[in-house]
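Protein chains in written order, with our numbering: chain A, 505 to 700; chain B, 505 to 700.
Below is one structure, written out as structure tokens; the observations come after it.
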DNA sequence: GACCATACGGAACGATGTCCCGTTTAGCAA
DNA sequence: TTGCTAAACGGGACATCGTTCCGTATGGTC
């Protein structure tokens, strides 16, 4: 809920011009720093890159999780929307599932440390967990249900468990040439298959 | 190399009696604290539990990884030795592989945070990574080779990659009732199977 | 031009890993 | 037994990081 000012709340007063400018600056700076130093880069680095004080970050984004959410919201939405689309354009529901997981993995492994912080038990990241899960678990559930209904996979694995597993497989995948998260995620999905 | 005094090095002088006593005390204290607070408990807590200063820990165990290794060495050894034994007593190599992975998962999920720190990219844990990998990867390789030779599984997944995947799946498994690392690891292994 | 709520910057605080330095003590020899 | 020295110790010092507080600056408005 840190977009410029879509007035959802009651009597949401418009932000001051400098505040709106700073929020945009911060998002850009955070995105840049995330690329080079990972999502757990020091807050001071982001503030410095944006040319603001550290407190300004916390004023706009109460927790670091809120900042991460704001930075990646567009891509998460795109991933969520790809689910139903894949279900329509793929030969079988299982193929759609495979492709969607591949999208999800690609998203995670290209964001340094995002998978790790997604799994972090650190309190304060609850908002991040909740957002990802709320947005993506229903999509995954639908894909799983479709594949199960078609008799392609077993039906006893909840989507949330599968997604956490895939998320975990992506941890640390970006800097180890001997570790291919995509392949392992593919193995995990393959493990769902029922003998024909 | 933090055992009391097996003199491998050249002219390894024997430790003083109090030093040997403190090392034992530290190991016990660390083991106790690891159980209650996880392997990433503050160093100060361990020192307090042992009734020594923080510097004493670093003197005996240059990095936290060395302390963790020392605490769990016995169990890692047991896991490593179970590999060949399972291969002999199981009906098929694939069954042995399944059982061994199950042992590995059990070991990880019962040690709070061990899987996470095993995957940590934090420098200073290199020794921990190296120890686990050096000790267990050859065992896993042998199991994989045997199963592949029997035509039960595909042969293109390196043991190290599989173990890292399983390790990742175990992250955060101990405190989430909706997450069953054993089941997911089983899925991953099942994904290796070749159609008959 | 003046007012004030809003927003800002940077210092301050608490937690944690790590290192340094002055002090104590185990082991040994006279 | 006594005295010496290297080994070992303890705890405070330092650096880093997340987070909050407070005095100051400024945008929007009358």
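Ideal Cβ positions, reconstructed from N, Cα and C, are used throughout, including at glycine.
query	result
Under 8 Å between C-beta atoms of residue 643/A and residue 584/A	yes
For residue 512/A, the three-state DSSP class (helix, strand or coil)	Caution is warranted here: a pLDDT of 43 is assigned to residue 512/A, below 50, making its placement in the model unreliable, and the coordinate value is therefore given only provisionally. Correct three-state label for residue 512/A: coil.
Backbone CA spacing between residue 686/B and residue 555/A [nearest angstrom]	47 Å
Distance between residue 656/A and residue 481/B (C-alpha atoms, nearest Å)	The structure shown does not extend to residue 481/B, since chain B is modelled only from 505 to 700, so the question has no answer here.
Minimum length 4: unbroken alpha helix (DSSP H) runs contained in the stretch 539-583 of chain A	547-554, 558-564
CB contact below 8 Å: residue 628/A versus chain B	no
4-residue-minimum alpha helix (DSSP H) runs that sit fully inside the stretch 649-678 of chain A, ordered along the chain	663-673
Rounded straight-line distance, which links the Cα of residue 692/A to that of residue 688/B	7 Å
Chain B contact for residue 692/A (CB, 8 Å cutoff)	yes
Chain-ordered chain B contacts of residue 657/A [CB-CB under 9 Å]	Under the 9 Å cutoff, chain B gives no residues; its nearest Cβ is about 10 Å from residue 657/A.
Cβ-Cβ distance between residue 631/A and residue 694/A below 8 Å	no
8 Å Cβ cut-off: residues of chain A touching residue 662/B	682
Per DSSP, cross-strand counterpart(s) of residue 686/A	Paired residue(s): none; residue 686/A is not in a bridge.
Under the three-state DSSP convention, the category residue 700/A falls into	coil
Span of the alpha helix (DSSP H), counted from its first residue to its last, around residue 620/A	618-623
Cβ of residue 541/B within 8 Å of any chain A Cβ	no
Endpoints, alpha helix (DSSP H) assigned at residue 627/A	Residue 627/A -> no alpha helix (DSSP H), and no H or E assigned at all.
Residue 579/B versus residue 615/B - alpha carbon distance	11 Å
CB contact below 8 Å: residue 602/A versus chain B	no
Through-space distance from residue 623/A to residue 637/A, alpha-carbon basis	12 Å
Element boundaries [alpha helix (DSSP H), containing residue 520/B]	Careful: residue 520/B lies outside any alpha helix (DSSP H) and carries neither H nor E.
Proximity to residue 564/B [Cα-Cα], best of 519/B, 537/B, 540/B, 653/B	519/B
Where the alpha helix (DSSP H) containing residue 736/A begins and where it ends	Here chain A comprises residues numbered 505 to 700, so residue 736/A is not present and cannot be evaluated.
Under the three-state DSSP convention, the category residue 532/A falls into	helix
Residue 683/B versus 575/A, 670/A, 678/A, 690/A, residue with shortest Cα-Cα distance	670/A
Inter-residue spacing [alpha-carbon to alpha-carbon] between residue 509/B and residue 667/B	Caution is warranted here: a pLDDT of 39 is assigned to residue 509/B, below 50, making its placement in the model unreliable, and the coordinate value is therefore given only provisionally. Roughly 32 Å separates the two Cα atoms.
Cβ-Cβ distance between residue 587/A and residue 604/A below 8 Å	yes
Buried or exposed (CB count within 10 angstroms, at least 16 for buried), residue 534/B	buried
Nonlocal neighbours in the same chain, by C-beta distance under 8 Å from residue 558/B, ignoring five residues either side	547, 548, 551
Residue 688/B at chain A interface by Cβ criterion, 8 Å	yes
Chain-ordered chain A contacts of residue 672/B [CB-CB under 7 Å]	672, 673, 675
Under the three-state DSSP convention, the category residue 506/B falls into	Residue placement at residue 506/B cannot be trusted, given a pLDDT of 38 that sits under 50; the coordinates are not used to answer.
Contact with chain B by residue 557/A, beta-carbon distance below 8 Å	no
Closer than 8 Å at the beta carbon, the chain B residues around residue 625/A	676, 679
Residue 680/B (DSSP reduced to helix, strand or coil)	coil
Contact check, residue 613/A vs residue 678/A, beta carbons under 8 Å	yes
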